[in-house]
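From first to last, the protein sequence lines stand for chains A and B.
Count the first sequence with the working numbering and you get residues 1 to 282, in order.
Count the second sequence with the working numbering and you get residues 1 to 157, in order.
Glycine included, every Cβ here is placed at the ideal spot set by N, Cα and C.
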Amino acid sequence: MASGEGSSAEYIQHHLTNLTYGQHPDGTWGFAHSAQEAQAMGLWTVNVDSMVWSLLTGLVFVWVFYKGARKATAGVPGGLQNAVEMIVDFIDDTTRSIFNYNNPLVAPMALTIFVWVWLMNFMDLIPVDWIPGLSAALGIHYMKIVPTTDPNITMAMAFSVFALILYYSIKRKGVGGFIGELAFHPFPKFLFPVNLILEGVTLIAKPLSLGLRLFGNMYAGEMIFVLIALMFTGGIFMGVFGGVLQWGWAVFHVLIITLQAFIFAVLTVVYLTQAHDVEEAH
Amino acid sequence: MTLSLGTLLGQTLTFIVFVYFCKRFIWPPVINAMRERQTAIAEGLASAERAGKDLELAQERATEELREARGEAQQIIEQARGRANQMIDEAKAEAKEEGERIKEAARAEVEQEMNRAKETLRAQVAALSVAGAEKVLGASVDEAKHGELLSQLAGDL
């Protein structure tokens with residue numbers, strides 16, 4: 001895709017367009033053949049590439065960890081069990097240091113988020129043209145392989161976490177207690193409208209910042225990879241320079257994908273801790 | 001980059017399924033195995049420490065017993081030596097006593113022998129003196145008449 005057809009802008013645009021399935025304005029169902037067509041499909045569409053890669057990476061997580069967990073023994077652990085245990089232990093320690101309530105859901109969820117998001121982010125390290133090029137050869141026109149560069153994916157997870165925040169807040173404090181927490185802080189009770197606005201914004205900011213942070217970081221990283229990939233069309237000198245840049249950015253990106261996955265998992269635990277906190281003072 | 005409700009819902013469902021699967025099938029066995037191993041290692045370390053302490057105690061007791069045994073042996077040797085000395089002394093005393101007694105017996109026998117010799121001599125002297133007197137007097141000396149005289153004479157000798 002890098003050489004020949006279309007301008008740089010088209011190349012970039014092409015790389016940032018999802019494979020969208022939905023209902024065309026004329027009533028038929030099918031894939032969108034351009035960003036405009038996708039736009040015209042309205043809200044009820046599925047970004048098939050995001051979903052497929054998200055499912056695949058999730059299955060990789062589940063498969064590998066299930067394989068490690070099924071043969072887990074208290075005796076001498078094997079290689080896979082060691083690796084699985086190392087990650088589980090890391091998440092367990094992190095969760096334990098933040099979350100002090102008895103809830104068997106939080107730590108496994110943090111593990112799922114950490115590993116799954118990491119795997120989805122990891123797709124970013126695969127050179128940007130390999131899989132899209134392959135799928136183009138197979139006749140699939142659009143292929144965005146990093147699910148976390150799709151805001152629908154990251155926001156879906158963020159909203160799931162948000163639903164749990166609301167659920168546990170109400171479960172722990174009751175509806176009245178939860179509303180009281182929103183209305184009677186940080187200012188005295190008679191200023192409750194101000195409090196409600198402030199705390200409401202804080203509450204809404206949680207899922208938004210959670211989902212958009214991951215999306216923004218990964219989208220920007222992907223964009224830079226695409227821009228670097230553009231250099232490969234600029235002759236031998238630019239190509240070599242682009243190769244060096246891509247290598248450098250990829251190395252740096254290893255840090256970013258891990259950090260973003262970790263931040264998503266830890267913030268989830270932090271928000272759920274706040275949802276479980278009952279005491280008035282904070 | 002457009003909002004896609006299908007993706008949103010799909011990802012939410014996928015998320016729920018994976019989290020559930022992890023919570024149900026992955027997390028518990030791994031964490032249980034780790035806890036169990038932790039307990040086992042802690043127990044192993046504790047028992048090793050206990051064994052070390054036991055060993056130390058046993059060594060102490062062994063040393064103590066060795067020292068006691070050595071002292072006892074010393075005492076027994078001491079006793080034996082004392083007993084030997086005592087036996088030697090006893091034997092010496094007995095031997096001396098025995099010697100003394102033998103000497104005494106010998107002396108008594110000698111004395112007895114001497115007395116007997118004296119008696120014999122005395123009798124012979126009496127006979128000789130009678131014979132001599134007979135010869136001197138020319139007459140027989142009536143032994144019955146002069147018996148008293150003769151025995152007096154023999155006693156004087």
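Pull up the CB-CB distance for residue i and residue j, whole angstroms please, since I reckon it's below 8 Å.
{"i": "isoleucine 153(A)", "j": "leucine 19(A)", "result": "Between leucine 19(A) and isoleucine 153(A) the Cβ distance is about 13 Å, and since that is not below 8 Å, they are no contact."}
{"i": "threonine 273(A)", "j": "phenylalanine 99(A)", "result": "5 Å"}
{"i": "proline 132(A)", "j": "methionine 143(A)", "result": "4 Å"}
{"i": "valine 278(A)", "j": "lysine 173(A)", "result": "6 Å"}
{"i": "valine 48(A)", "j": "serine 4(B)", "result": "Not confirmed; about 10 Å, so no contact."}
{"i": "isoleucine 113(A)", "j": "alanine 265(A)", "result": "4 Å"}
{"i": "phenylalanine 192(A)", "j": "alanine 183(A)", "result": "4 Å"}
{"i": "aspartate 150(A)", "j": "serine 8(A)", "result": "Between serine 8(A) and aspartate 150(A) the Cβ distance is about 22 Å, and since that is not below 8 Å, they are no contact."}
{"i": "threonine 95(A)", "j": "asparagine 121(A)", "result": "Not confirmed; about 20 Å, so no contact."}
{"i": "histidine 15(A)", "j": "valine 128(A)", "result": "6 Å"}
{"i": "glycine 242(A)", "j": "isoleucine 228(A)", "result": "5 Å"}
{"i": "isoleucine 16(B)", "j": "proline 108(A)", "result": "With a Cβ gap of about 12 Å, isoleucine 16(B) and proline 108(A) do not count as contacting."}
{"i": "glycine 68(A)", "j": "valine 30(B)", "result": "7 Å"}
{"i": "leucine 260(A)", "j": "asparagine 217(A)", "result": "Note on identity: in this sequence residue 260(A) is glutamine, with leucine being the wrong assignment. Correct: roughly 5 Å between the Cβ atoms."}
{"i": "leucine 288(A)", "j": "valine 161(A)", "result": "Limits of chain A in this structure are 1 at one end and 282 at the other, which puts residue 288(A) out of reach."}
{"i": "alanine 74(A)", "j": "glutamate 64(B)", "result": "Not really, about 42 Å apart at Cβ, beyond 8 Å."}
{"i": "threonine 14(B)", "j": "glycine 58(A)", "result": "6 Å"}
{"i": "arginine 122(B)", "j": "alanine 154(B)", "result": "5 Å"}
How about residue i: is its C-beta nearer than 8 Å to some C-beta of chain A?
{"i": "lysine 23(B)", "result": "yes"}
{"i": "serine 4(B)", "result": "yes"}
{"i": "glycine 71(B)", "result": "no"}
{"i": "alanine 33(B)", "result": "yes"}
{"i": "glutamate 43(B)", "result": "no"}
{"i": "glycine 10(B)", "result": "yes"}
{"i": "alanine 40(B)", "result": "yes"}
{"i": "glutamate 36(B)", "result": "yes"}
{"i": "isoleucine 76(B)", "result": "no"}
{"i": "threonine 63(B)", "result": "no"}
Compare the C-beta of residue i against all C-beta atoms of chain B and say whether one is closer than 8 Å.
{"i": "proline 85(A)", "result": "Checking the sequence, you will find glutamate at residue 85(A) rather than proline. Yes, contact with chain B."}
{"i": "aspartate 92(A)", "result": "yes"}
{"i": "isoleucine 197(A)", "result": "no"}
{"i": "proline 104(A)", "result": "yes"}
{"i": "arginine 70(A)", "result": "yes"}
{"i": "glutamine 39(A)", "result": "yes"}
{"i": "tyrosine 66(A)", "result": "yes"}
{"i": "phenylalanine 159(A)", "result": "yes"}
{"i": "valine 88(A)", "result": "yes"}
{"i": "threonine 73(A)", "result": "yes"}
{"i": "glycine 235(A)", "result": "no"}
{"i": "valine 62(A)", "result": "yes"}
{"i": "serine 54(A)", "result": "yes"}
{"i": "valine 46(A)", "result": "yes"}
{"i": "alanine 156(A)", "result": "yes"}
{"i": "glycine 58(A)", "result": "yes"}
{"i": "aspartate 124(A)", "result": "no"}
{"i": "leucine 19(A)", "result": "no"}
{"i": "alanine 152(A)", "result": "Note on residue identity: the sequence assigns asparagine, not alanine, to residue 152(A). Judged by the 8 Å Cβ criterion, asparagine 152(A) is in contact with chain B."}
{"i": "alanine 229(A)", "result": "no"}
{"i": "methionine 223(A)", "result": "no"}
{"i": "threonine 28(A)", "result": "no"}
{"i": "isoleucine 263(A)", "result": "no"}
{"i": "tryptophan 116(A)", "result": "yes"}
{"i": "methionine 218(A)", "result": "no"}
{"i": "proline 108(A)", "result": "yes"}
{"i": "leucine 284(A)", "result": "The question about residue 284(A) has no answer, for chain A in this structure spans 1 to 282."}
{"i": "serine 34(A)", "result": "no"}
On the DSSP bridge list, what partners appear for residue i?
{"i": "valine 287(A)", "result": "Because chain A in this structure spans residues 1 to 282, residue 287(A) falls outside the shown range and cannot be described."}
For the beta strand (DSSP E) containing residue i, list its first residue and its last residue.
{"i": "phenylalanine 31(A)", "result": "29-31"}
Should residue i be listed as close to the ligand ZN, given that the test is whether its C-beta is under 7 Å from any heavy atom?
{"i": "valine 161(A)", "result": "Of the ligands one can find in the structure shown there are none, so the ligand ZN has no counterpart to examine."}
Which first and last residues belong to the alpha helix (DSSP H) in which residue i is found?
{"i": "methionine 231(A)", "result": "That residue, methionine 231(A), is in no alpha helix (DSSP H); it is neither H nor E in DSSP."}
{"i": "tyrosine 101(A)", "result": "Here tyrosine 101(A) belongs to no alpha helix (DSSP H), and DSSP marks it neither H nor E."}
{"i": "phenylalanine 162(A)", "result": "151-183"}
{"i": "glycine 133(A)", "result": "130-137"}
{"i": "tyrosine 11(A)", "result": "8-15"}
Original post:
Which residue spans inside the stretch 76-122 of chain B form an unbroken beta strand (DSSP E) run of at least 3?
Top reply: The stretch 76-122 of chain B contains no whole beta strand (DSSP E) run of 3 or more residues.
Original post:
Counting only runs that start and end within the stretch 37-82 of chain A, where is the alpha helix (DSSP H) found for 4 or more residues in a row?
Top reply: Complete alpha helix (DSSP H) runs here, min 4: 48-70.
**OP:** Report the residue ranges of all beta strand (DSSP E) runs contained in full by the stretch 13-73 of chain B; include only those spanning at least 3 residues, in chain order.
**Re:** none
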